[in-house]
Amino acid sequence: MHFILSTIKNIIAIVIIMMIIYIALRYAPFLRDQEWNPVSSISETSDINNLNSVPETQYNQQNEPYTIEDNDLIQNIPKSQIKNVFKIIDKQEFMAVSGLRRMGYNDDYIAGQRDDYFIIYKLGSDKIKVFNTEIEMEQELIRLKQHIPLKELNAY
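Numbering (my numbering), first residue to last: 29 to 184.
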């Protein structure tokens, strides 16, 4: 009987260790972005290498003209804390670091213009919607029932 209980304890311990390793490889930023990480997919790795490239317009399943990219605006901050951190950071510095020429935000979303394309980021999300025109971005904001005017750097 002691042997069976000991075996069950060892199996449970191994499963817990495997779960901890999986969670670390999947969610820890310093491990998730490594090329050797078997949990990250190849497409994620190629997206990380091409973050600064301008995306081509693609239509998603609902025929909406935007592309989805990985979140490169706010990194290394827990998702649950992004709203709180964004409230206290200097907006001019954030715009300069993230490359945004114009930006607007509310409690749930950040909208902005980076080079010749426009983005919408839901605070706490892993992905960013990227649009080629401001009109397409405005239409998406209307669909999301959000009104976010874009302001220049000196407005903050």
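We put the beta carbon where it would ideally sit given N, CA and C, even for glycine.
Comparing alpha-carbon positions, the option among Met47, Ser126 and Leu59 lying closest to Phe146 turns out to be Ser126.
Ala56 carries a coil assignment under DSSP once its states are collapsed to helix, strand and coil. Annotation for Lys150: Asp136 and Tyr137 place their beta carbon closer than 7 Å to its own, counting only its chain and skipping 5 residues before and after. Ala183 and Met123 have their C-alpha atoms some 11 Å from each other. Here Val67 really is in contact with Arg54; their C-beta atoms are around 5 Å apart, less than 8 Å. Closest in C-alpha terms to Leu128, from the list Lys119, Asp118, Arg142 and Asn134, comes Arg142.
With 16 or more other Cβ atoms from the protein chains shown falling within 10 Å of its own Cβ, Val158 counts as buried.
Counting the other Cβ atoms within 10 Å of the Cβ of Ile51 gives fewer than 16, which makes it exposed. One alpha carbon belongs to Asn160, the other to Gly140, and they sit about 12 Å apart.
The criterion of a C-beta distance shorter than 9 Å is satisfied by Leu172 and Ile148. Closest by C-alpha distance to Asn134, out of Gln174, Gln109, Gly152 and Ile163, is Gln174. Phe159 is bridged by DSSP to Phe146. Contact check for Met131 against Lys119 passes: the beta carbons are separated by less than 9 Å. At least 9 Å separates the beta-carbon of Asp61 from that of Lys107. Lys119 sits in a helix when the DSSP states are folded into three classes. If you compare the alpha carbons of Ile105, Leu33, Ile40 and Ile36 with that of Ala56, the shortest gap goes to Ile105.
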